[in-house]
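For reference, the structure is listed below as structure tokens.
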Amino acid sequence: MTTFGITGWGTALPERTLTSAELGERFGVDEQWIVSRCGIRERRWVEDGQTTASLAVDAGRAAMDRAGLTGEDIAHLIVATATPEQPSPATSAFVHHELGISGSAHDVNAECSGFVYALIMATALMRIDPRPILIIGSDTHSLTTAPDDRDLGILVGDGAGAVVLTPGDGEWLLGWDMGADGSRTNSLKVLAGGSRMPTTPQTVEDGLHFATINGNEIYLNAVRLTIGTVRRTLASAGVDVSDVDVVIPHQANIRIINSIASHTGIVDEQVFTNLERYGNTASASIPIALSEALDAERVSAGDLVLLAGFGAGMTWASVLLRWGGAEVAA
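For reference, each letter of the sequence shown is one residue, going 1 to 330 in UniProt numbering.
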């Protein structure tokens, strides 16, 4: 049975930084109100010329460089995004061209769960085609947020994170879970721009191409669904939560993260977060956090690493990895 290893990782973040103090002035609220509500002190937003694809290219190149690979070595590219470059073709096509990739390319849209969805799919693909796979999570939700939307404006950040999977020895993926509840599509949505409501001058005038959020519904379901996926993944691996070394959750909101932790027995020392500096970067949040945890040497060979995310739809996904392969822990 072919297994894999993560041999490269990288990130891309816009230079433009918006502090919670700046957004507090915009929305007429105190900076500390924002920080206490979501745990975010600053976030990065794209500037002119920066796009979902350009961030993905930079993160993907960094991951390939670390893995010692070029685009010609990549057999498959998967880009997780909910803010595509344009309606057609897929964002991955633009990234594929810029990185000189010779293999296949496709997008995954599971909102903020997208990167973990893509990782699970890539793991299955690796078993039938054991060649390098590049997975990128990239989103620019600042561009789909109305300038006067306080609820989303204080949360969203832009960025990209990437990993390279290569064939390897030892079983990295010990457990996984993914799912969706399509009855909750109204919790976070962009109404216009698709076949249900094509873009017209009126939809643009009405701002229907901007996202809207039901914050209470997102909070309650994000906590409930992530608790469930974490428990199922740990159960499938036969691992107790206390044995997990590093937990990297979707960097959505510190209150959501804390609530999930308290209900699953995860303690502060296990959790890696960076949303204080980057906000909610959607599909990019987990790979950015994973990359930073690795660079900070928070993850060592043999560690158990839990990645868990949720997204609009609603979607959820989690994986438990033995960093360096199962044989390292022997």
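Cβ atoms here follow ideal geometry from the backbone N, Cα and C, with glycine treated the same way.
With a cut-off of 8 Å on Cβ pairs, the segment 222–240 is not in contact with the segment 291–301, counting fewer than three such pairs. Between the alpha carbons of L155 and G302 lies a gap of roughly 34 Å.
Straight across, the Cα-Cα distance linking G114 with A146 is about 23 Å. In chain order, Y219, A222 and V223 place their CB closer than 7 Å to the CB of I256, counting only its own chain and leaving out the 5 sequence neighbours on each side. Judged by DSSP in its simplified three-state form, T203 adopts helix. When beta bridges are read from the DSSP output, A301 appears opposite no residue. Assigned with DSSP and collapsed to three states, P167 falls in strand. Annotation: T315 to R322 spans about 24 Å, alpha carbon to alpha carbon.
When S195, N109 and G8 are compared, the shortest CA-CA separation from A317 is found for N109. Sequence-distant partners of S138 (beyond 5 residues in either direction) whose C-beta falls short of 6 Å from its own C-beta, in its chain, are T52, L55, A56, T81, A160 and A284. Non-local C-beta neighbours of A90 in its own chain, meaning closer than 8 Å and more than five positions away in sequence, comprise V79, P84, A105, H106 and D107, ordered along the chain. In this chain, the alpha helix (DSSP H) harbouring S259 covers I254 to T264. The shortest C-alpha to C-alpha distance from T17 to any of A59, V46, G193 and N280 is the one to V46.
Between D206 and I286, the alpha-carbon positions lie close to 33 Å from each other. Contiguous alpha helix (DSSP H) elements confined to the segment 109–169 occur at 114–128 and 150–153, taking only those with 4 or more residues. A residue is called buried when at least 16 other Cβ atoms come within 10 angstroms of its Cβ; M64 meets this threshold and is buried.
Counting along the chain, V244 sits inside no alpha helix (DSSP H), nor does DSSP assign it H or E at all.
Inter-segment contact for the segment 161–181 and the segment 117–129 is present: three or more beta-carbon pairs are separated by less than 8 Å. Straight-line measurement puts the Cα of E42 at about 32 Å from the Cα of M121. Closest in alpha carbon position to R44, among T19, E111, W172 and W33, is T19. Collapsing the DSSP output to three states places L208 in coil. With respect to the 8 Å criterion, G279 and G157 are classified as neighbours on the basis of their beta carbons. Per the coordinates, the alpha-carbon of D149 lies some 29 Å from the alpha-carbon of L290. Residues P14 of the same chain have their beta carbon placed closer than 7 Å to that of Q50, with the five preceding and five following residues left out of the count. Under the three-state reduction of DSSP, R277 is assigned to helix. Non-local beta-carbon contacts of G182 in its own chain, meaning distances under 7 Å to residues more than five positions away in sequence, involve G313 in chain order.
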